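In the numbering used here, the protein residues as written are 14 to 595.
Each remark here refers to the structure printed beneath this line.
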Amino acid sequence: MAKTFCHKVETMGINSRCFLSVRSLLLGISLMVCSNAAFSGETADPPRLILQITVDQLRGDLPKRYYERLGQGGFRYLLEAGVVYRNAHHAHANTETIVGHATLATGANPSDHGMVGNLWFDREKGVITYNVEDARYRLLTADADVDEGAEIDPTQRAAKTEGRSPAAILVSTFSDELRSSNDGRSKAIGVSVKDRGAISLAGHAGTAFWFSKSGAEFVTSNYYLDKYPQWVNDWNSKQLPQTYANTSWELLNKQDSYLFGASDDRAWETDVGGFGRVFPHAFGDGKSPYFTTWLTLSPAGDELVLDFAKAALLGEKLGQRGHTDFLSVSFSSTDYVGHVFGPSSLEAEDNILRLDRSLAELISFVDKQVGLDNTLIVLSADHGGPDSPGYLNSIGIPAGYIDPDNWDREAAILRIKDQFGIEGKLIERYAHPYLYLADNARLNPSIDPAALERAIAGELSKFTGVSLAVSSTALRNGNVPDTWLYRAVLNNFHPKRSGDVYIVFEPNWFINDFDGLVVAATHGSPWAYDTYVPIVFAGAGLDHKVIDRKVHTTDIAPTLSAYLDIKPPSGSQGKLLTEVLD
Ligand SMILES: [Zn+2]
């Protein structure tokens with residue numbers, strides 16, 4: 014408060030064209046007020062609350078694209094009052110949800126935090142593993158059946174178990190460091206529709222709550238709690254999701270006021286289970302197996318998260334207890350809408366306007382309960398996202414979908430097996446972006462793994478849409494060119510979880526068919542549209558600044574730590590964002 018006031022008075026004094034005496038008087042007052050604030054210790058008090066907001070798949074340009082259509086108090090507050098980094102990127106190659114969330118939480122790259130993808134192949138167990146699944150820690154709600162392994166379709170399940178924990182995140186998070194700085198007096202709560210969006214930010218020492226699509230409730234696992242707090246039971250028993258039955262996702266404003274107002278029905282948009290490609294998108298009577306999925310791939314998902322986050326803030330008395338608390342809210346609708354309709358669609362545009370309203374409501378609620386001067390807000394995204402190839406083609410930009418089933422793999426595999434004298438299986442698993450080789454090829458003592466991987470990379474590079482294939486042995490030996498692209502692949506490389514070859518597609522080319530589930534757009538590349546995200550800090554008396562310097566998402570966690578004078582997370586590699594600390 015004092016800082017903002019000083020800033021305003023100084024600006025008035027310097028810019029004022031009124032009488033010199035008035036100007037001198039104002040400057041005099043401003044100096045008095047500012048020096049008082051500097052010595053009062055008022056602004057040196059630690060914030061009562063750190064509010065970390067993550068918007069899943071919010072590419073850095075999107076809030077500004079719809080700026081004149083935005084309301085007050087949401088993005089406008091953040092972008093006009095906050096410290097705005099407009100050249101912020103993830104530094105890792107596999108820009109998927111858990112990878113980005115874990116990076117935001119830890120300040121580490123996936124090479125250190127270990128979250129190299131939403132899925133990886135566990136060589137010891139011989140199974141594909143979903144990032145936060147953990148059979149040791151069952152959900153507190155029976156049959157909550159969280160389908161978060163698949164992004165969208167309830168018939169798709171990547172996770173084999175309903176158990177969940179943060180155990181696979183190999184380093185500490187900012188929230189862990191906050192809790193360990195004061196013997197657990199600070200609380201840390203993570204909320205999201207997605208399990209991985211909540212668990213990653215809550216860290217090992219906090220508590221995560223996420224939305225169960227099968228139960229239409231917020232749930233957690235017994236890693237965190239033995240039973241639900243009363244406020245969670247209260248929230249679940251009011252059955253807010255059910256109030257969307259027999260309603261529709263309708264446009265917020267008049268259709269012709271939208272940038273994409275004339276482009277609602279596009280051939281490349283996905284109709285998920287009858288949700289349709291044009292407005293209004295009806296939620297049906299609530300009995301469809303797709304009902305809660307439809308909620309999550311519309312702004313309703315964010316509205317549920319917002320309401321639950323408000324209940325968490327009140328229920329846990331966050332920011333009211335004499336210690337700095339941490340609340341993480343990860344909004345997932347922008348991601349689902351981006352996948353299903355593409356980020357350049359009427360649905361995505363309306364979703365951003367409604368997200369803006371949810372942000373405004375969250376910020377105003379926090380202001381009322383805790384005060385924005387006592388709250389340090391940071392907003393970013395786990396990744397950006399590509400436009401759908403259909404949209405890009407419609408304005409003359411080359412783009413397309415890749416179907417690895419159409420690659421002439423058999424011929425290539427035969428050539429490699431001949432060359433290296435391999436009997437039996439060559440490829441164990443292709444879980445994009447990683448190709449995992451079979452043990453009899455990989456561990457064969459008469460085969461040089463570097464030569465084998467190089468030969469496979471050479472064959473892969475011949476396929477349509479493949480830009481680069483990188484040998485993991487070459488990465489391990491430091492035997493790759495020092496370019497940004499190789500560094501991004503290296504930042505993603507974890508020796509136990511990464512595959513043997515990393516495949517990078519050409520810009521604007523990606524897989525959109527996941528075992529029959531076809532979507533409009535898929536992120537996950539190292540290209541700028543997937544790495545480019547907003548980073549904004551606001552509240553806590555920060556003055557507005559716009560920073561053009563290139564910064565990384567790894568910078569957020571160590572900056573939060575430095576802000577509180579606590580130690581950085583254990584794998585933190587980011588730089589301090591000095592504009593936030595000054
Ligand atoms: Zn996604």
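Glycine included, each C-beta is placed from N, C-alpha and C at the ideal position.
Quantities reported herein were computed from a predicted structural model and do not represent experimental measurements.
- Task: Report, in whole angstroms, the separation of the C-beta atoms of Ala157 and Trp244, which I expect to be a contact under 8 Å.
- Result: On the sequence shown, position 144 is the one that residue 157 refers to. On the sequence shown, position 231 is the one that residue 244 refers to. 18 Å between Cβ atoms; not a contact.
- Query: In or out: Lys207 buried (at least 16 other Cβ within 10 Å) or exposed?
  - Reply: Position 194 of the sequence shown, counted from the start, is the residue given in the question as residue 207. A residue is called buried once 16 or more other Cβ atoms fall within 10 Å of its Cβ, and Lys207 is buried on that count.
- Query: Nearest CA to the CA of Asp561: which residue from Leu62, His102, Pro60 and Leu91?
  - Reply: Here residue 561 refers to the residue found at position 548 of the sequence shown. Of the residues Leu62, His102, Pro60 and Leu91, the one whose Cα lies closest to the Cα of Asp561 is His102.
- Task: Whole angstroms is fine: what's the gap from Asn259's alpha carbon to His294's?
- Result: Within the sequence shown, residue 259 is the residue found at index 246, counting from 1. Within the sequence shown, residue 294 is the residue found at index 281, counting from 1. Roughly 11 Å between the two C-alpha positions.
- Query: Rounded C-beta distance between Val383 and Gln65? I'm assuming under 8 Å.
  - Reply: The sequence position of residue 383 within the sequence shown is 370, counting from 1. The sequence position of residue 65 within the sequence shown is 52, counting from 1. Actually they are not in contact, since the Cβ atoms of Val383 and Gln65 sit about 14 Å apart, beyond 8 Å.
- According to DSSP, which residues form a beta bridge with Leu152? Position 139 of the sequence shown, counting from 1, holds the residue named residue 152. Ser234, per the DSSP bridge assignment.
- Task: Taking only the alpha-carbon atoms, compute the straight-line gap between Gln268 and Leu75 and give it to the nearest angstrom.
- Result: By one-based count along the sequence shown, residue 268 stands at place 255. By one-based count along the sequence shown, residue 75 stands at place 62. Cα to Cα, the separation comes out at about 19 Å.
- Message: Using only the alpha-carbon positions, how far apart do Ile165 and Tyr349 sit?
- Response: Here residue 165 refers to the residue found at position 152 of the sequence shown. Here residue 349 refers to the residue found at position 336 of the sequence shown. Legend: pLDDT at Ile165 = 48, less than 50; position of this residue unreliable, value from coordinates given subsequently. Taking the straight line joining both Cα atoms gives about 7 Å.
- Coil, strand or helix - Ala533 by DSSP: For the purposes of this step, residue 533 is taken as residue 520 along the sequence shown, with counting starting at 1. DSSP places Ala533 in coil when its eight states are reduced to three.
- Query: Are the beta-carbon atoms of Thr174 and Ala211 separated by less than 8 Å?
  - Reply: Position 161 of the sequence shown, counted from the start, is the residue given in the question as residue 174. Position 198 of the sequence shown, counted from the start, is the residue given in the question as residue 211. Not closer than 8 Å, so no.
- Message: Can you find the residues in the same chain that come closer than 6 Å, C-beta to C-beta, to Ile440, ignoring five residues on each side of it along the sequence?
- Response: For the purposes of this step, residue 440 is taken as the residue at position 427 of the sequence shown. So no residue of the chain qualifies.
- Query: Per the contact definition of three or more C-beta pairs closer than 8 Å, is the segment 226-233 in contact with the segment 354-370?
  - Reply: A contact is defined here as three or more CB-CB pairs under 8 Å, and the segment 354-370 fails this definition with respect to the segment 226-233.
- Ordered along the chain, which non-local residues of its own chain (more than five positions away) have a Cβ less than 6 Å from that of Lys438? Counting from 1 along the sequence shown, the entry for residue 438 is found at position 425. Same-chain partners within the cutoff: Ala451.
- Which residues DSSP lists as bridging His352, in chain order: Reading the sequence shown from its first residue, position 339 is the one you call residue 352. DSSP output for His352 lists no bridge partner at all.
- What are the complete beta strand (DSSP E) segments, minimum 3 residues, inside the segment 84-129? The beta strand (DSSP E) runs of length 3 or more contained entirely in the segment 84-129 are, from start to end of the chain, 96-102.
- Message: I want to know whether the segment 355-365 touches the segment 401-411 - three or more CB-CB distances under 8 Å.
- Response: Under the three-pair Cβ rule at 8 Å, the segment 355-365 counts as touching the segment 401-411.
- Task: Consider the C-beta atom of His352 and the heavy atoms of ligand 1; say whether any pair is separated by less than 7 Å.
- Result: Within the sequence shown, numbered from 1, the residue matching residue 352 stands at position 339. Checking the Cβ of His352 against ligand 1 gives yes.
- Report the partner residues of Ile560 according to the DSSP bridge assignment. On the sequence shown, position 547 is the one that residue 560 refers to. In DSSP, Ile560 forms a bridge with Tyr98.
- Please confirm if the segment 502-514 is in contact with the segment 523-535, defined as three or more CB-CB distances below 8 Å between the two stretches. no
- Contact under 8 Å by Cβ, Asn131 with Asn144: If you number the sequence shown from 1, residue 131 lands on position 118. If you number the sequence shown from 1, residue 144 lands on position 131. It is a contact, given that the beta carbons lie within the stated cut-off.
- Task: Closer than 7 Å by C-beta to Pro254: which residues in its own chain qualify, once you throw out the five before and the five after it? Chain order, please.
- Result: One-based indexing of the sequence shown puts residue 254 at position 241. Excluding positions up to five away in sequence, the list reads Ala229, Thr305, Leu308 and Leu317.
- Unbroken alpha helix (DSSP H) runs of length 4 or more, entirely within the segment 292-330: which are they? 304-309 and 312-328
- Message: At a threshold of 7 Å, does Gln70 count as lining ligand 1 (C-beta to nearest heavy atom)?
- Response: Here residue 70 is taken as the residue at index 57 of the sequence shown, counted from 1. Yes, ligand 1 has a heavy atom inside 7 Å of this Cβ.
- Check whether Phe222 and Phe321 have beta carbons under 8 Å apart: For this step, residue 222 is matched to residue 209 along the sequence shown. For this step, residue 321 is matched to residue 308 along the sequence shown. A contact, by the Cβ cut-off of 8 Å.
- Item | Asp348 CB to nearest heavy atom of ligand 1 below 7 Å | Taking the first residue of the sequence shown as 1, we reach residue 348 at position 335. Yes, the beta carbon of Asp348 sits closer than 7 Å to at least one heavy atom of ligand 1.
- Task: Please confirm if the segment 466-473 is in contact with the segment 84-92, defined as three or more CB-CB distances below 8 Å between the two stretches.
- Result: No: fewer than three Cβ pairs fall under 8 Å.
- Under 8 Å between C-beta atoms of Leu389 and Val342: What you label residue 389 is simply residue 376 of the sequence shown in a count that begins at 1. What you label residue 342 is simply residue 329 of the sequence shown in a count that begins at 1. No. Outside cutoff.
- In the structure shown, what three-state DSSP assignment does Gly210 receive? As a working note, residue 210 is residue 197 in the sequence shown. Here Gly210 sits in helix by DSSP.
- Item | Beta bridge counterpart(s) of Gln65 as assigned by DSSP | Mapped onto the sequence shown, residue 65 falls at position 52. Ser341 and Val391.
- Message: Check for me: the beta strand (DSSP E) holding Pro547 runs from which residue to which?
- Response: Stepping through the sequence shown from its first residue, residue 547 is reached at position 534. Unbroken beta strand (DSSP E) run through Pro547: Tyr545 to Gly552.
- Message: I'd like the list of long-range same chain contacts for Pro446, defined as Cβ closer than 6 Å, with 5 residues on each side in sequence excluded.
- Response: In the sequence shown, the residue the question calls residue 446 occupies position 433. Around Pro446: Asn107, Tyr515 and Ile516.
- Task: State the CB to CB distance for the pair Pro609 and Ser346, rounded to an integer number of angstroms; the pair is presumed to be in contact (CB under 8 Å).
- Result: No answer is possible for residue 609: it lies beyond the span of the chain, which begins at 14 and ends at 595.
- Are the CB atoms of Ala570 and Gly297 nearer to each other than 8 Å? The residue labelled residue 570 in the question sits at position 557 within the sequence shown. The residue labelled residue 297 in the question sits at position 284 within the sequence shown. Result no, Cβ atoms of Ala570 and Gly297 do not sit closer than 8 Å.
- If you measure from the CB of His536, is any heavy atom of ligand 1 nearer than 7 Å? Taking the first residue of the sequence shown as position 1, residue 536 is located at position 523. The answer is yes for His536.
- Message: Can you tell me whether Asn453 is helix, strand or coil according to DSSP?
- Response: Here residue 453 is taken as the residue at index 440 of the sequence shown, counted from 1. Asn453 falls in the helix class under three-state DSSP.
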